[in-house]
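S.K.:
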Amino acid sequence: MVTQHRPLISYQPNPFLSWLYRHFFDHISVDEGWVYAVRAAEARGTVVYTLRNLSVIDFLALDYLTKKLQLPQVRFANDLGLWLLEPMGRGWLLALRSRTPADDVRDLRQTLEMGSSAALFLKRPAYLLESKSRGKTEGDLYLHTILETQRSISRPILLIPQVFIWSKHHDKSQLNLLDALLGTREWPGNIRTVAQFLYNYRHRDVVLRAGEPIDIQAFLAQEGGGLQDRSIADEVLIRRITYSLLRRLERERKAVIGPMQKPQDRLHEEVIRSPKLQKIIRDMAGGGEEPRRVMIGRVRSILRGMEATPNIHLISVLRDIFEHIGFHMYSNLEVDREGIERIRQATREGALVVLPSHKSHFDYFILMYIFYQNHLPLPLIASGDNLRFFPLGSIFRRAGAFFIRRSFRGDRLYHAVVDAYIRRVIKDGWSLAFFLEGGRSRTGKLLPAKVGLLSMVVDAVLASRPQSVYFCPISIGYERLVEERSFIHEILGGDKTKESIHGILTSLNLLLRRYGKINVQFGEVLTLDCISKEIDPNGASPSLMEMTPTRRRAIVNRLSYRVMDEINRVTAVTPAALVAISLLLDSKGIVTHQSILSRCEFFGEVLQDLGSRFSPNLVYEEGFRTIRSSAIQEACDLFIRAGHLELDRASSSPSNASLSSQGPVYIVPSTARIALDLSKNFILHFFIPRALFATALLTAPQSDQKMEVDVVSERVQSLLHLFNYEFQPSRGISYEALIVREKDHFIREGNLREKEGSLWLASSDAREKLVMYTKLILNFLEGYRVAARSLTFLLRTPLTSQELVKRAISIGEKMFHAGEITYREAIHRSIFENAYSAFLDEGYIVRDKDDLTLAQSYASLETIRTVEQRIASFEMGKEGEH
């Protein structure tokens, strides 16, 4: 925004600068917030660009960017002069002219009075090669001039703090000879700045960040008692301004590079000194010194195997590898830009606990890539110790992974070391990332939260107050998974393949295939204070010492529910997921392209009504969200290339007029249904409440085609209990409210009528719509019926859960081929495991150590058949298949 106060100066850089700008500075990543802040400040007053330490490179980069982006140009820079910007001959002559501080003060005052902009360097870094005296290097003299000038002019002067980050390396707590000679990474001298710039600029790793501006006019009115009030000395005001500017600049810098990285031995010592860990060591070692040394030696060994040692050079290399390989496998990486900005704001104020969904080993790389590319501090990522094998373990460790066991049960010392390590890194300001589900989902749905590590983190956060820590739910969604083949092997009863270098080498061919798009969405940023308020709106936010165990457990559980709800809420609808749902509605596996389109449009409208997010290429406009037919075609082509979908050329030929008029005809091979089920389940959770209600309604007893509301409600609750381990409805709504909401929805859409406690379908079209919902969960009902049938094996002998699952898979295959079940994806290891958990809750079976056995009241063939019939009573909706 150009105002009348900006001098209109014609400018052409000299040949040297033209070459420098063209080859180097165009790669700088500019914070859009900086551009907005500068233009907003220019609209209000005179802009003074404020930088931390004196640097020629920073000055030239600032000059280039202000001209490129048409921002207020720099007409003064302390301790540098503008001779570099002049034509070569005249510039060099000006450089030889001696200048005094009085000259700079005069020039700065004239610049500000004209309404022109200036660059102010607050400090000069201290290092051995520094030649100039310290007296000339502070910004106090110029801040004094700014205060004096502001008192004499009406136009506000705004100081905009900004920092160029030439290297993403973490600051080190120990200095070396290079730091002494050239300045530290935090306060680099010119030589080190140039070296960092030359190394990083081609990697797009140079960043400009801006802090909140300081309005000097408003500052004087608030802090100085008024523009003409001299009761507070300028030296005091200058100290306050300098402190505030440096604090804002450091906050922006830390929001990119993260906290200081300590030497390994110092970190170990600080972890070992943890009072909680010391108590465990004393309890386990007794009073002897030798046992204590042994215990401390074991602690060090655990730390060496567990700790992360992030190395920015390796992370940069991994970024490049991901761009070459990942973007060959995946056609696009769609990222929630607004979510990135929320995360960026949170990093300015504190540390993050990043909680992504976990569907693939690629999650690690995607998380690292997104944070690195968007210049966010890289979190330390908790990884299972199954990934610690050579050589990947060493690579992951240097990429920021720390390794912990799946279970700490029975090992007090290991538990205490992990707890002390997490407390230490959070206190040091590191961000953490871990998968709340524990392991990768083999179904496409979110797994139930595992709160063990979350509980440790919550304790660490409570102990670190008043430090701010933000919990960030993230949904990482795929159209297809790289691990698809291995997951299907496990789903059908195969053993999990242990991660190893041999397994990686034999799977390299997977990197040559195409898997569609990746979509990453960020949920609402949460804090323990807001979670505590949800539990007790009128209560204070207690510290860890003040908190009762019951309150602490409540906070951990509520936080886990909120995180999982947020991940589900923000998961984006992709073309592949929508097509997969449409394909799997038909158990026969034959569907026309026109049917796919109409179903995608139907479910797309439902999702729009629910407020779901959409993959950008799936819809035409944000307001109307019209489904793109080209996106649906691309998803079909993706499944065809994967072998999950076949084109029925005979049915699509012109001779078959009834089908060819509806576009191509596809066949879904029965062996591909489980793979498609993975894609379907990515967004299935959006439809579960409506599918449960529709199923309960269509299978409820009828009288004159009417169903009693109370009966339907009871049946919905029965389904919710049955699928307690299968689906995770939002914890923020009661069963009763959920039932009323879904009933009112169907009435509002004109599908249902209600009068005097009875419900009835409004039309045959309404029935067809409700049947589409019921089909979404028919495979689960059939799977639970297979699980119920498998209980007959327990009549002979108790079995472990794993043995009973294998029996269920075998009997499920027989039922499928006999036509007793119609959905091939009902034969699913995870479905059976969840069914047995539900049967335990219902009292059909009991657990005896590691074995499952029938409860006494269900230890007969007749009672087992009763269980199966109860489940089958909800399957009548499939008769409406069309």
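Position in the sequence shown (first residue = 1) + 44 = the working numbering.
C-beta: ideal position from N, C-alpha, C; glycine also.
(1) Taking SER874 as part of the alpha helix (DSSP H), name the residues at either end of that continuous run.
(2) Please report how far the alpha carbon of ASP630 lies from the alpha carbon of SER73, in whole angstroms.
(3) With GLU543 as the anchor, note down where its beta strand (DSSP E) starts and where it stops.
(4) Do the region 451 to 469 and the region 493 to 503 meet, that is, are 3 or more Cβ pairs less than 8 Å apart?
(5) Using only the alpha-carbon positions, how far apart do PRO593 and PHE726 sit?
(6) Quick check on this structure: which residue in GLU481, ARG344, ILE821 has the alpha carbon closest to the alpha carbon of SER604?
(7) With DSSP as the reference, label MET132 as helix, strand or coil.
(8) Is the region 796 to 812 in contact with the region 856 to 868, if contact means three or more CB pairs nearer than 8 Å?
(9) May I have the straight-line CA-CA distance separating GLU912 from LEU742, to the nearest angstrom?
(10) Using DSSP's beta-bridge definition, name the partner residues of SER323.
(11) Report yes if the C-beta distance between ASN878 and GLU800 is below 8 Å; otherwise report no.
(12) Does the Cβ-Cβ distance between ASP609 and ARG775 come in under 8 Å?
(13) To the nearest angstrom, how far is it from the Cα of ALA870 to the Cα of ILE301?
(14) Below 8 Å, how does it come out for the region 897 to 913 and the region 788 to 806: are there three or more Cβ pairs, yes or no?
(15) Does DSSP classify GLY521 as helix, strand or coil?
(16) What residue does the beta strand (DSSP E) around PHE683 start on, and which one ends it?
(17) Please name the residue, chosen from GLY394, ALA445, PRO435, PHE433, that lies closest to LEU411 on a Cα-to-Cα basis.
(18) According to DSSP, is ALA810 helix, strand or coil?
(19) Quickly, what does DSSP pair PHE658 with across the bridge? List them, please.
(20) Take GLN706 and list the residues in its own chain whose beta-carbon comes closer than 8 Å to its own, dropping the five residues that flank it on each side.
(21) Under DSSP, the beta strand (DSSP E) around GLY428 begins and ends at which residues?
(22) Apart from the five residues on each side of it in sequence, which residues of its chain come closer than 6 Å, Cβ to Cβ, to HIS872?
(23) Can you tell me which of the three DSSP states ALA121 falls into?
(24) Tell me where the beta strand (DSSP E) around ASP472 begins and ends.
(25) If contacts are defined as beta-carbon pairs under 8 Å, then SER834 and LEU896 qualify, I think. What distance do you get, rounded to the angstrom?
(26) What are the partner residues of GLN206, as DSSP defines its beta bridges?
(27) Would ASN612 be called buried (16 or more neighbouring beta carbons within 10 Å of its own) or exposed?
(28) On the criterion of 16 or more Cβ atoms from any shown chain inside 10 Å, does TYR287 qualify as buried, or is it exposed?
(29) What did DSSP end up calling ALA624 once you bin it into helix, strand or coil?
(30) If you run the structure through DSSP and keep just helix, strand and coil, what is GLN913?
(31) Less than 8 Å separating the beta-carbons of LYS561 and ASN376?
(32) Enumerate in chain order the residues of its own chain whose CB-to-CB distance from PRO205 is below 6 Å, with the five nearest sequence positions on each side excluded.
(33) For the beta strand (DSSP E) holding LEU805, just list the boundary residues, first then last.
(34) Residues in the same chain with beta-carbon distance under 6 Å from LYS819, minus the five sequence neighbours each way, listed in chain order, please.
(35) Roughly how many angstroms lie between the CA atoms of TYR108 and LEU61, to the nearest whole one?
(36) Check for me: the alpha helix (DSSP H) holding GLN308 runs from which residue to which?
M.R.: Once the coordinates are examined:
(1) Looking at the DSSP string, the run of the alpha helix (DSSP H) that includes SER874 is 873 to 886.
(2) In a straight line, the C-alpha of ASP630 is about 50 Å away from that of SER73.
(3) In the DSSP assignment, GLU543 falls outside any beta strand (DSSP E), carrying neither H nor E.
(4) The answer is yes - the region 493 to 503 touches the region 451 to 469, with three or more Cβ pairs under 8 Å.
(5) Roughly 35 Å separates the two Cα atoms.
(6) That would be GLU481, whose Cα lies nearest to the Cα of SER604.
(7) Low local confidence applies: a pLDDT of 37 at MET132 is under 50, so the model's placement there is unreliable, and no value is given.
(8) With the cut-off at 8 Å, the region 796 to 812 and the region 856 to 868 do not touch.
(9) Roughly 19 Å separates the two Cα atoms.
(10) Ser is not the amino acid found at residue 323; the sequence shown has Lys there. Note: LYS323 sits in no beta bridge, so no partner.
(11) No, Cβ-Cβ distance for ASN878 and GLU800 is not below 8 Å.
(12) Yes.
(13) Distance between the alpha carbons of ALA870 and ILE301: 48 Å.
(14) Judged by Cβ distances under 8 Å, the region 897 to 913 makes no contact with the region 788 to 806, as fewer than three pairs qualify.
(15) Here GLY521 sits in strand by DSSP.
(16) Judged by DSSP secondary structure, PHE683 falls outside any beta strand (DSSP E) and instead within the alpha helix (DSSP H) spanning 673 to 686.
(17) Ranking GLY394, ALA445, PRO435, PHE433 by Cα distance to LEU411 puts ALA445 first.
(18) Reduced to three states, the DSSP call for ALA810 is helix.
(19) DSSP output for PHE658 lists VAL617 as bridge partner(s).
(20) If we look at GLN706 and ignore the five residues flanking it on each side, its Cβ neighbours are THR636, HIS637, GLN638, SER639.
(21) Element bounds for GLY428: 424 to 428.
(22) Counting only Cβ-Cβ distances below 6 Å, and skipping sequence neighbours, we find ILE535, GLY827.
(23) Reduced to three states, the DSSP call for ALA121 is strand.
(24) ASP472 -> no beta strand (DSSP E), and no H or E assigned at all.
(25) Their Cβ separation, rounded to whole angstroms, is 10 Å, which puts SER834 and LEU896 out of contact at 8 Å.
(26) DSSP lists ALA254 as partners of GLN206.
(27) Burial call: buried.
(28) With fewer than 16 other Cβ atoms within 10 Å, it is exposed.
(29) If DSSP states are grouped into helix, strand and coil, ALA624 belongs with the helices.
(30) Three-state DSSP puts GLN913 in a helix.
(31) Closer than 8 Å, so yes.
(32) Residues THR94, GLY255, LEU289, ARG292, LEU293 of the same chain have their beta carbon placed closer than 6 Å to that of PRO205, with the five preceding and five following residues left out of the count.
(33) Run containing LEU805: 802 to 805, per the beta strand (DSSP E) assignment.
(34) Taken in chain order, the residues that qualify are LEU629.
(35) Going from the Cα of TYR108 to the Cα of LEU61 covers about 9 Å.
(36) Residue range 308 to 316 is occupied by the alpha helix (DSSP H) that includes GLN308.
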